[in-house]
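For reference, the structure discussed in these notes is given below.
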Amino acid sequence: MDLFIAIFTGTIIAATPLIFAALGELVVEKSGVLNLGIEGMMLMGAALAFWAVTAGYSMPVAILAGALAGAATSLLFGVLALTFLTNQYAAGLALAIFGSGVSAFLGRGFGSEPIEALHRVNIPVLSDLPLIGPMLFRFDAMVYLALVMFVAISWFLYRTKAGLVLRTIGESPQTSHAIGYPVIRIRYAAVLFGGAMAGLAGAYLSVAYTPLWVENMTAGKGWIALALVVFATWRPLRILLGAWLFGGMTILQLQGQALGLEVPSELLSALPYLATIIVLVLISRDRQMLALHFPASLAKPFRPAS
Amino acid sequence: MHPRLELRSICKRYPGVVANDDVSLSIQPGEIHAVLGENGAGKSTLMKIIYGAAQADSGEIYCDGNPIAAHNPAVSRALGIEMVYQHFALFESVSVVENIALSASSAFHLPTLAEKIRNLSMRYGMPIDPHRQVHDLSVGERQRVEIVRCLLQAPKLLILDEPTSVLTPQAVVKLFETLRQLAAEGCSIVYISHKLDEVQELCDTATVLRNGKVTGTARPKETTSLELARMMVGSKLPEMHVSPPVPSEKPVLEVNGLSVKARDHFGVDLKNVSFNVHGGEIVGLAGVSGNGQAELVALLSGERTHDRGDAIRICGIDAARLRPNERRKLGIAFVPEERLGRGAVPSHTLWENAVLTAHRFGTVRNGLVDRRKAKAFATGIIDRFKVKANGAQSIAQSLSGGNLQKFIVGREIALKPKLFLVSQPTWGVDVGASAFIRQTIIDLSRAGAAVLVVSEELDELFEICDRLLVICQGKVSAPLIRTTTDREEIGLLMTGRGMSEGASANGSGDIVLQD
Chain A
663 MDLFIAIFTG TIIAATPLIF AALGELVVEK SGVLNLGIEG MMLMGAALAF
713 WAVTAGYSMP VAILAGALAG AATSLLFGVL ALTFLTNQYA AGLALAIFGS
763 GVSAFLGRGF GSEPIEALHR VNIPVLSDLP LIGPMLFRFD AMVYLALVMF
813 VAISWFLYRT KAGLVLRTIG ESPQTSHAIG YPVIRIRYAA VLFGGAMAGL
863 AGAYLSVAYT PLWVENMTAG KGWIALALVV FATWRPLRIL LGAWLFGGMT
913 ILQLQGQALG LEVPSELLSA LPYLATIIVL VLISRDRQML ALHFPASLAK
963 PFRPAS
Chain B
583 MHPRLELRSI CKRYPGVVAN DDVSLSIQPG EIHAVLGENG AGKSTLMKII
633 YGAAQADSGE IYCDGNPIAA HNPAVSRALG IEMVYQHFAL FESVSVVENI
683 ALSASSAFHL PTLAEKIRNL SMRYGMPIDP HRQVHDLSVG ERQRVEIVRC
733 LLQAPKLLIL DEPTSVLTPQ AVVKLFETLR QLAAEGCSIV YISHKLDEVQ
783 ELCDTATVLR NGKVTGTARP KETTSLELAR MMVGSKLPEM HVSPPVPSEK
833 PVLEVNGLSV KARDHFGVDL KNVSFNVHGG EIVGLAGVSG NGQAELVALL
883 SGERTHDRGD AIRICGIDAA RLRPNERRKL GIAFVPEERL GRGAVPSHTL
933 WENAVLTAHR FGTVRNGLVD RRKAKAFATG IIDRFKVKAN GAQSIAQSLS
983 GGNLQKFIVG REIALKPKLF LVSQPTWGVD VGASAFIRQT IIDLSRAGAA
1033 VLVVSEELDE LFEICDRLLV ICQGKVSAPL IRTTTDREEI GLLMTGRGMS
1083 EGASANGSGD IVLQD
């Protein structure tokens, strides 16, 4: 039983950074912008949040610093891709490399000591319930924040006018512009939001998950988040499920390594990535669903006609 | 009383062209005002300036006597100016009511808005279901959505850009009723068109543009179409010469019982399509777009293949399994509907685009492009078809739609095809160039080639075709002889009514043909 609880809670925790990063990227891509630089933004968020903790700031401030760092990094991409209309693929890749380089540079002074991790909540009564308590009510606040963000983003995209505007800009910025919506400004907002979410994902890694600073500590999670968005066919619920699948596989392979399975550990480490991608590819084969949810103008530069 | 809208000396230049040169016009409340002109005359630019989607370089715009200083679409909507675009400004992935909510100023409450849409669309006699997804709608229905969207704003001035180019004759009648009802309620209407008969039927006044300048204003109901056409074109219109067809004995193109499932949800299934095209005749395929034309054209050109080889026979050879290049070797030439992307590579030069289909005509030797020959070939087309372009070095997408179309048609005709397949030959092409392209097609057929024209413009089909087919929901009617049918009959077939008789006659289609 304890093992089951451990696997379950481990899954939820391991999925949390992916939920942040992928939901943020979902909003960005729904607006028709492809920012490949999640990895870079996550690393910047991780580095800044970690630094804030070691500099003595409180945990909420540190996490906020992580979000701001992610947003600031994404602004660089925004200026390149939205104002100067550079190729979005190139700008995003550059951002990923830039973020990993700069965060490594900043992190040279951080040392290798772990910090005190973000506290887990302790809700009276609920946290003490048998089984349900340890499974659902003893996470840290960011795990719950990720779920709140999932609900909020789903509601925003499909229930509000602003969300409708965002989605339609992703389908046809020309038409949106013709109707009179400020396409570039809205896309900037989406990119900054995506950056902040990636920053949160990074902050979660460095102040709650590990909690210590290691160069390139995201270990490709930014890329997985990117794949999640695509293979989830741009739908929030599927992103959530995909993230949990990834988290589950991560924990299972760790358990497998601990049990000393006769499989090279490198292969086991690759398993979550492989499994997530295979499952997502299998469920994203429906062309019709794809056509309905795919932001038709994704990664196409837009310049308002004058 | 102030005019609803007044333009004074509007000028607008783009690099290399003057789109509008000292254009002035004025529109009274409740007036239906036509802006007539060929393509490239500056109509669309002028409308963009009125709507605020583009800014004039100089000149003033007055609305109800007040000057509009800084103009943009939001200002327009605040003033009650609404526009229905030629290419609809609708989002396909969301529903009708969501589309309309995007431009509505009211609170974001979809059920209320849906109810309003239902009521308003009924009141103007063009019912639409607000909850349908736009990609499921026909072009005519999409236009209704656009118009209802504008009407919800209770507009004072409604701009319609070539609204009838995609409608069946019956839908046009309906549209005109709605527009007259609107005008009677005091709404001014700007009606952009190059179709003279429609303008004469509907409009109170007309401003004619040519090369960006106003060449005249007229009361269309009191002016002959010839006079209006002269104002538009500037010179005498070329006359069409159609000699009677001399069909070849054996058909060049045979389509036998072709049934195909659509590739995706957005397409249309083809159901047991059979028809023939003989050498020396022009066969037209009429129909409202989205009824299977795209699928049929893809199958005929070889973009899609079919497992049953004899479903399509070209010059007596089973061709349904051949790829486009192999079909071209059989003597087929092909002008697709989309000029940029299918007909030509947008970012390449004209001579490079010429090589794409003319590589068997000496422009490529030993796998290497013979630039001199390719350029000479392209220059030949440019001269012969009077393409307005800066030589064979021009980039394809820098040409206007009509000129690029002339080039593509010219390129394909230069291949001396036995079978010429052409989709929407004069879509968005001005009167002068259209007449030229049509005459070219006629001449080609009279020289012995079999021609299949897919078009949504009935006028065009009636002008050049010897026999007509109608496609509706993936079914193709029995052939109709041009001289013994009329618009009414074709229009009914286009809406699917009368198709049952057509479909039953379909089996005997070949017999009809053989006489």
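So the sequences go chain by chain: A and B. Residue numbers for the first sequence follow our numbering, beginning at 663 and rising by one. Residue numbers for the second sequence follow our numbering, beginning at 583 and rising by one. We put the beta carbon where it would ideally sit given N, CA and C, even for glycine. On a predicted model such as this, the values are computed, not experimentally measured, just so you know.
- Here residue 613 of chain B carries a coil assignment [DSSP, helix/strand/coil].
- Within the same chain, 825 come within 6 Å of residue 818 of chain A by CB-CB distance, once the 5 residues on both sides are set aside.
- Contact annotation: residue 904 of chain B and residue 874 of chain B have beta-carbon atoms that are not nearer than 7 Å.
- At least one CB atom of chain B sits nearer than 7 Å to the CB of residue 841 of chain A.
- The beta carbon of residue 783 of chain A sits closer than 8 Å to the beta carbons of 789, 799, 800, 801, 802, 803, 806 from its chain, once the five residues preceding and following it are set aside; these are given in chain order.
- DSSP lists no bridge partner for residue 804 of chain A.
- Taking 7 Å as the CB threshold, residue 748 of chain A stays off the interface with chain B.
- Residue state for residue 900 of chain A is assigned as helix, using DSSP reduced to three classes.
- It is roughly 8 Å from the alpha-carbon of residue 687 of chain A to the alpha-carbon of residue 860 of chain A.
- Residue pairing by DSSP places residue 858 of chain B opposite B/836 in a beta bridge.
- Between residue 739 of chain A and residue 699 of chain A, the C-beta spacing is below 7 Å.
- Its chain contains 845, 966 as the residues whose beta carbon lies nearer than 7 Å to that of residue 839 of chain A, once the 5 sequence neighbours on both sides are disregarded; these appear in chain order.
- By the Cβ criterion, the region 596–609 of chain B is not in contact with the region 659–671 of chain B, since fewer than three pairs of Cβ atoms, one from each stretch, lie closer than 8 Å.
- Counting along the chain, residue 743 of chain B sits inside the beta strand (DSSP E) bounded by residues 739–743.
- The region 1019–1033 of chain B makes no contact with the region 937–955 of chain B: fewer than 3 CB pairs, one atom from each, lie closer than 8 Å.
- The three-state secondary structure of residue 703 of chain A, taken from DSSP, is helix.
- In its chain, beyond the 5 residues on either side, no residue has a beta carbon closer than 7 Å to the beta carbon of residue 948 of chain A.
- At a cut-off of 7 Å between C-beta atoms, residue 692 of chain A does not count as an interface residue with respect to chain B.
- With contacts defined by Cβ atoms closer than 7 Å, residue 734 of chain A and residue 743 of chain A do not form a contacting pair.
- Counting C-beta atoms within 10 angstroms of its own C-beta, residue 763 of chain B has fewer than 16 neighbours from the protein chains shown and is therefore classed as exposed.
- DSSP places residue 935 of chain B in the helix class (H, G or I) of the three-state scheme.
- Around the beta carbon of residue 1012 of chain B, 16 or more other beta carbons lie within 10 angstroms, which makes this residue buried.
- For residue 770 of chain B, the uninterrupted beta strand (DSSP E) run begins and ends at 770–775, by DSSP.
- As the crow flies, the alpha-carbon of residue 741 of chain B is around 18 Å from that of residue 794 of chain B.
- Residue 683 of chain B is positioned such that its CB atom lies no closer than 7 Å to that of residue 702 of chain B.
- Chain A places no beta carbon closer than 7 Å to that of residue 857 of chain B, leaving this residue out of the contacts.
- Contact of residue 826 of chain A with chain B is assigned, a C-beta pair being separated by under 7 Å.
- Proximity of residue 895 of chain A to chain B, defined by a Cβ-Cβ separation below 7 Å, is not satisfied.
- Each residue's CA atom was taken as its position, placing residue 789 of chain B and residue 617 of chain B some 5 Å apart.
- When Cβ-Cβ separations below 7 Å define contact, residue 671 of chain B makes contact with chain A.
- Of the residues assessed, residue 806 of chain B falls on the exposed side of the cut-off, its CB having fewer than 16 other CB atoms within 10 angstroms.
- One finds nothing in chain A with a Cβ atom closer than 7 Å to the Cβ of residue 852 of chain B; even the nearest lies about 19 Å away.
- Think of a sphere of 7 Å around the beta carbon of residue 954 of chain A: the chain B residues whose beta carbon falls inside it are 675, in chain order.
- In the three-state reduction of the DSSP assignment, residue 715 of chain B falls in the strand class.
- Within the region 878–945 of chain A, the complete alpha helix (DSSP H) segments at least 4 residues long are 883–893, 898–920, 927–945, listed from N- to C-terminus.
- Using a CB distance below 9 Å, the part of the region 625–638 of chain B facing chain A consists of 630, 633, 634, 635, 636, 637, ordered along the chain.
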